[in-house]
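Asker: Numbering (the working numbering), first residue to last: 418 to 590. In this text, a Cβ means the ideal position worked out from N, Cα and C, and glycines have one as well.
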Amino acid sequence: LEYLEGNSILKLDTNQKQQLLRKVTNEYHPDPDGNKVYATNVVRNLTVEEVERLRSFNDLIDNNILSSREYASGKYERNGYFTIKLFAPIYAALSNDIGTPGDLMGRRIAYELLATKGFKDGMVPYISNQYEEEAKQKGKTINLYGKTRGLVTDDLVLEKVFNNQYHTWSEFK
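If you want it as structure tokens, here you go:
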């Protein structure tokens, strides 16, 4: 359904696309321990220039586009318990190479991993710290509540879940 809707929207004029689509980006704020690795997803309206670059379905993915239908402009803070709507597309494949995803993208990717790899082999590795020890061994760590913890990034999850088949969420999608 997302593919059909996305391709239908791409046929519309610039003004109509601006009304129907938004862009999601990452913003980083320090946590109480000073770590700036947790993404806050920020949803905003598209500029005319951004809309004019949207020519294919892959452009919706690569330019981190989502539907304006259920996702208002604004910040989607960490631990916000937001709902991902089945019929409100998130085409985006926004990644966080330095830490953990924002709440919108984290939930969306978790559901896509559930659909692709199942609960145990897809969703759980993504939403848990299953790969924390490996992250530590690779030197990816943060200080959290006075302890050194492994920092599981999207790169590590992609490497482990897909056995290096994909290097970005865009490739996966």
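Between the alpha carbons of N432 and G491, how many angstroms are there, rounded?
Answerer: So the alpha carbons of these two residues sit roughly 21 Å apart.
Asker: How long is the line joining the alpha carbons of F589 and T570, rounded to whole angstroms?
Answerer: Answer to the nearest angstrom: the Cα atoms are 16 Å apart.
Asker: Do I515 and K453 have their C-beta atoms within less than 9 Å of each other?
Answerer: Closer than 9 Å, so yes.
Asker: With H, G and I counted as helix, E and B as strand and the rest as coil, what does DSSP make of V441?
Answerer: Strand.
Asker: According to DSSP, is V574 part of a helix, a strand, or is it coil?
Answerer: Three-state DSSP puts V574 in a helix.
Asker: Between the Cα of R486 and those of I501, L421, K534, N475, spot the shortest distance and give me the residue it belongs to.
Answerer: Comparing Cα positions, the closest option is I501.
Asker: Our contact map puts I507 next to L483 with C-beta atoms below 8 Å; I'd like the distance itself, whole angstroms only.
Answerer: Between L483 and I507 the Cβ distance is about 4 Å, and since that is below 8 Å, they are a contact.
Asker: May I ask you to list the residues that DSSP assigns as paired with R566?
Answerer: Its beta-bridge partners are I559.
Asker: Looking at C-alpha atoms only, which residue of Y455, G535, L521 is the closest neighbour of L561?
Answerer: Closest option to L561, Cα to Cα, is Y455.
Asker: Output the distance between the C-alpha atoms of L437 and I426, rounded to the nearest integer angstrom.
Answerer: Answer to the nearest angstrom: the Cα atoms are 8 Å apart.
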